[in-house]
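Colleague: The structure that follows is given in the form of structure tokens.
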Amino acid sequence: PQYSPASRPVVSKKLGIIAFVASLIAVVVGAILAYVAGLQSAGLAQYADGTGQIDPNNIPPAAEEAAAAFAGLSLAAFVIYGLFGLWGFIQGIVAAVKNRGRGWGIAAIVLAVLGGVVVVGALGIGASVGIGSTL
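Going from the sequence shown to my numbering is simple: count from 1 and add 6.
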């Protein structure tokens, strides 16, 4: 009989897929929260002087609430992006190394790394849209 190499057992791609989904959640949810936070920052633009400084004594309660919403949503956006992005990044590396969904794992790594640009961009776009709507 001829020698034939042992067939490799079929491995599950779930590890890579889960890593990709975690990275995708990080970017999508982080970007949505950052966009909404940027919109909230528009309420403060009218209280800034020519140097961009805001006098806290001249801010009405509604603007203080907008500032608190901006701070809370910004924090939530970057915490969610950080946690889910790190999860997707690490699990993507493991999936790529162990060949358990290598393509999905590489996609998760790329998405987790480049997703920060998307989240920061969403914050900036939200602020621009919000400030543009108040002019």
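By construction, the Cβ of each residue, glycine as well, lies at the ideal position given by its N, Cα and C atoms.
The structure displayed is predicted, hence computed values, not measured ones.
When the distance is taken between beta carbons, is A25 closer than 8 Å to A128?
Modeller: As a first step, residue 128 is located in the sequence shown; it is residue number 122 there, counting from the start. As a first step, residue 25 is located in the sequence shown; it is residue number 19 there, counting from the start. Cβ distance not < 8 Å, so A128 and A25 don't count as in contact.
Colleague: With DSSP as the reference, identify every bridge partner of A43, one or two as the case may be.
Modeller: By 1-based counting over the sequence shown, the position of residue 43 is 37. A43 is not bridged to any residue.
Colleague: For the 8 Å Cβ check, are there 3 or more pairs between the stretch 64-81 and the stretch 15-23?
Modeller: No: the two stretches stay apart, fewer than three of their Cβ pairs being nearer than 8 Å.
Colleague: In the DSSP assignment, find the unbroken alpha helix (DSSP H) run with V116 in it and report its ends.
Modeller: By 1-based counting over the sequence shown, the position of residue 116 is 110. Segment 108-140, the alpha helix (DSSP H) holding V116.
Colleague: My guess is that A48 and I137 are in contact by the Cβ rule of under 8 Å, so how many angstroms apart are they, rounded?
Modeller: As a position in the sequence shown, residue 48 is number 42, starting the count at 1. As a position in the sequence shown, residue 137 is number 131, starting the count at 1. The pair is a contact, with the Cβ atoms about 5 Å apart (cut-off 8 Å).
Colleague: Using CA coordinates, which residue listed in L89, Q59, A43 is at the minimum distance from E71?
Modeller: The residue you call residue 71 lines up with position 65 of the sequence shown. Among L89, Q59, A43, the Cα nearest to that of E71 belongs to A43.
Colleague: Just to confirm the assignment: which complete alpha helix (DSSP H) runs, minimum length 4, are found wholly within the stretch 16-67?
Modeller: Listed in chain order, the complete alpha helix (DSSP H) runs (minimum 4 residues) inside the stretch 16-67 are 20-51.
Colleague: Is S80 helix, strand or coil by DSSP?
Modeller: Along the sequence shown, read from residue 1 onward, the residue named residue 80 stands at position 74. Three-state DSSP puts S80 in a helix.
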